[in-house]
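Under numbering that gives the first Met the number 0, the first residue of the sequence shown carries the number 0, and numbering increases by one thereafter.
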Amino acid sequence: MSQDETISGASVESEAAEQPKSAPEVETTPVVEKLTDYGNTDYYINRELSNLQFNLRVLEQAANEDHPLLERLRYLLIFSSNMDEFFEIRVAGLRQQIDFSREQVGLDGMQPQQVLKEISRITHESVARQYVMLQEQLLPALQEHNVHILRRSEWSEAQIQWVSDYFYSEVMPVISPIGLDPAHPFPRLANKNLNFIVSLEGQDAFGRETGMAIIPAPRSLPRVIPVPAELCDGGTHFTLLSAMIHQHAGDLFPGMTIKGCYQFRLTRNSDLILDDEVEDLATALQGELQTRRWGSAVRLEVADNCTPELAHFLLKEFNLTEDELYEVNGPVNLSRLMDLCNLPNHPELQYQPFTPSFPKGLMPKENLFDAITVSDILLLHPFQSFTPVVDLLRQAAKDPHVLAIKQTLYRTGAKSEIVDALVDAARNGKEVIVVIELRARFDEEENLTLARRLQEAGAIVVYGVVGYKTHAKLMMIVRREEGKIVRYAHLGTGNYHAGNARLYTDYSLLTREKDLTNDVAKIFQQLTGMGKAVRVKKLLHAPFTLKKGLLDHIQQEINHVEAGAKGQIIVKCNSLTEAKVIKALYKASQAGVKVDLIVRGICCLRPGVPGLSENIRVRSIVGRFLEHTRTFYFANNGAPRVYGSSADWMVRNLDHRIETCFPIESPKLSARVKKELDTYLQDNCMSWQLQADGSYRQNHPRSNQTRRDSQIQLLEKLV
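Here's what the structure looks like:
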């Protein structure tokens, strides 16, 4: 990647002492005409191509030698997992638009056919690069550390015998080869499963000529299999299930000759579509989940040594074109190799572990009701522990003064301490109301299970509002103190998932501030009951007031600049696609407001366009932790307004979801958030700068600059 010569204003100011001084120069600033045709498609970046660009930034981490070796491998495999979802949802959606003649054109003006063609071009190049990195960089580097993924040609005689024993005892009993003939049509193959297509010669036991067969690899078996240490000359050795099946494919067709055996994998449309008029959401969803593995095909991956005849046979069978064929030099199911990244005997090849801290003055197992009464508590995960959030719920479950607990759940994890605490609370006689979003993509089945468990414990479970995903992260505890009702609340930017809290950056606010907790109570009332939109004092909530509130704050910054003051906006979110918000930011830039956007993933706004967005800078941080915080800063002429939110600046979040945006009002805490945003703006190691043409350039420290990795800085400061 080329070195980015553009560093944020905050970075330039902070490095002022390191810059060589030079004589001032007098320059004449040219007058640039403002561009006011905000509907011009040239001013916007395609949503899907921007999404793809994020995945390419993830892939580039696999080449970054600043990361430990096994973490580089992890990034390479995460890229595969991300691309699976990209094809299952985004590419599948584009294909559906074309198939049903319902093409939709986005802000950028590109037709779905054009987008698919560009996706195919970029993805073929990036997948080829991915496998080159795997075969020529990462696997050889692992071998230097005595970690080996053995090919069939590398097996010793003893290992060949062990593989044979393993195959016959563990694989053969569960594998089901399928010959293809008039009585055995092409089988229905599951989404993303490893399969083999086999070219055969000869007759079977019934005298039938069978030219081809399919071998689906059992999904219940591990893909990475450790080789016993006594069969190896030191080090750590693995082999792959695919190699074992390939080695013994002939044993599955006795008396016949195998002319060729090749891996392949099919990716299918996995999006779920539910009618808003369903009578029972849980029942309807359960039915849809049964069909997820069998959606229409969108991508075919095959081993690159597969014959053209067999590859074209598969394409025809799945109704795919050459553009949807990916020939790969290695395993077709890379994401299933993730176990390799967690080798316990190679800590030097992984990130150093850390223990998340507790805020100063807050001790583990402290009475959190007392602590929150003293002052609001703001946690930044994963640098600071998620434990206080869980402990607050646990304490509430046992506290005799607690009357009720209300909670939203979007993603929680299969083994959730949060759910355990809610179950305990219900069994202890508390009034427990849980709003579970059943349609959290790829977590639907797990959420159905959690819902049943909570109901069995006596909790009241509702599924939000039909037609609107409940994405808000809210917990409220109602407690009687000295004869009065007091509410405590947790508001977050992330999910109630302890595992994600170790991997994702997110804010948690614990408060008992009266107006804010009253607002939370009203949101729950709206979610569980019926009636008109509630009026709240401090929260902004979608789909009612959030978008308008954000637009008002942007306009206020414009007003301050027009009145002669300075204006500044800093936004940190995962995606930015909403047209009205983008146009408002363009207008803010034209007015002279300084706009810094830290957008991890999709960004449809084009920064740095003269006359339109020259005062807007967009950067993406891709590092050890997944940047997930949604944080908004408005300078407000010296009286800054700082918010955390569950919502990204996307159409779906602002118009079609239940979301909340909460103020961080404590001067101390809001100042802290601003400093942490500045830390991200100063990053010159893991940040990428969005260019006006839609490409990204990685920031690198100049020779006279200090290296600044924002996540490392936050680790050093908070842990």
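Note that CB positions come from ideal geometry on N, CA and C, so glycine has one too. Model, not experiment: these values are computed from the prediction.
Contact under 8 Å by Cβ, residue i with residue j
i      : j      : result
Phe263 : Ala296 : no
Leu149 : Val223 : no
Val433 : Leu447 : no
Leu179 : Met211 : yes
Thr407 : Ala471 : yes
Ile376 : Leu361 : yes
Thr492 : Tyr506 : yes
Asn344 : Thr235 : yes
Tyr37  : Lys521 : no
Leu449 : Glu443 : no
Arg805 : Asn190 : Lying outside 0 to 718, the shown extent of the chain, residue 805 is not represented and no answer is given.
Asn192 : Ala157 : no
Val617 : Cys603 : no
Phe633 : Glu556 : yes
Arg656 : Ala541 : yes
Asp270 : Ile88  : yes
Ile257 : Leu342 : no
Leu93  : Thr40  : no
Arg696 : Ile44  : no
Proximity test, residue i beta-carbon vs the ligand GDP heavy atom, cut-off 7 Å
i      : result
His655 : No copy of the ligand GDP appears in this structure; indeed no ligand is present at all.
Nearest candidate by alpha-carbon position, reference residue i, set the options
i      : options                        : result
His66  : Thr209, Glu347, Glu443         : Glu347
Gly591 : Val327, Ile581, Gly566         : Gly566
Phe624 : Gln525, Pro352, Leu473         : Pro352
Leu473 : Glu577, Tyr495, Ile213, Gly466 : Tyr495
Ile569 : Lys673, Gly530, Thr469         : Lys673
Leu714 : Leu502, Leu115, Met255         : Leu502
Glu574 : Asp647, Arg640, Ser665         : Contrary to the premise, residue 574 reads as Ser rather than Glu in this sequence. The candidate whose alpha carbon is nearest that of Ser574 is Asp647.
Gln113 : Asn683, Asp322, Phe543, Leu138 : Asp322
Gln571 : Ile244, Trp687, Glu308, Tyr679 : Note on identity: in this sequence residue 571 is Lys, with Gln being the wrong assignment. Comparing Cα positions, the closest option is Tyr679.
Val560 : Lys579, Lys586, Val464         : Lys586
Ala91  : Ile118, Phe78, Leu193          : Ile118
Gln60  : Arg616, Trp687, Arg89, Ile553  : Trp687
Gln202 : Lys513, Tyr42, Ser163, Phe252  : Phe252
Ile620 : Thr411, Gln681, Arg651, Ser645 : Gln681
Leu490 : Gly622, Ala395, Glu658         : Glu658
Leu76  : Phe312, Ile244, Glu455, Leu137 : Leu137
Lys405 : Ala488, Gly482, Pro363, Tyr130 : Ala488
Tyr350 : Leu68, Ser49, Gln697, Leu689   : Leu68
Leu313 : Pro330, Asn698, Leu689, Tyr261 : Tyr261
In DSSP terms, what residue i is bridged to
i      : result
Thr235 : Val146
Cys602 : Leu575
Ile569 : Asp595, Tyr632
Gln406 : Val433, Met474
Lys586 : Answer is none; Lys586 lacks a bridge partner.
Thr266 : Arg298
Pro225 : Phe237
Arg479 : Ile484
Val464 : Tyr467
Element boundaries [alpha helix (DSSP H), containing residue i]
i      : result
Leu69  : 68 to 84
Ser669 : 666 to 680
Thr320 : No alpha helix (DSSP H) contains Thr320, which DSSP labels as neither H nor E.
Arg56  : 46 to 60
Val422 : 416 to 426
Ala450 : 443 to 456
Thr372 : 367 to 373
Ile711 : 709 to 717
Phe523 : 513 to 527
Arg94  : 91 to 98
N- and C-terminal bounds of the beta strand (DSSP E) containing residue i
i      : result
Lys547 : Segment 545 to 561 is the alpha helix (DSSP H) holding Lys547; no beta strand (DSSP E) there.
Leu689 : 686 to 689
Leu392 : Here Leu392 belongs to no beta strand (DSSP E); instead the alpha helix (DSSP H) covers 386 to 397.
Phe631 : 630 to 633
Ile484 : 483 to 491
Gln697 : 695 to 697
Gly643 : 640 to 644
Ile459 : 459 to 461
Arg656 : 656 to 662
Glu200 : 193 to 200
Arg616 : 615 to 620
Pro215 : 211 to 215
Proximity test, Cβ basis, 8 Å: residue i and chain C
i      : result
His496 : Considering every chain present, this structure includes no chain C. It has just one protein chain.
Q) At what residue ranges does the stretch 130 to 181 contain a whole run of the beta strand (DSSP E), taking only runs of 3 or more? A) 146 to 148, 177 to 179
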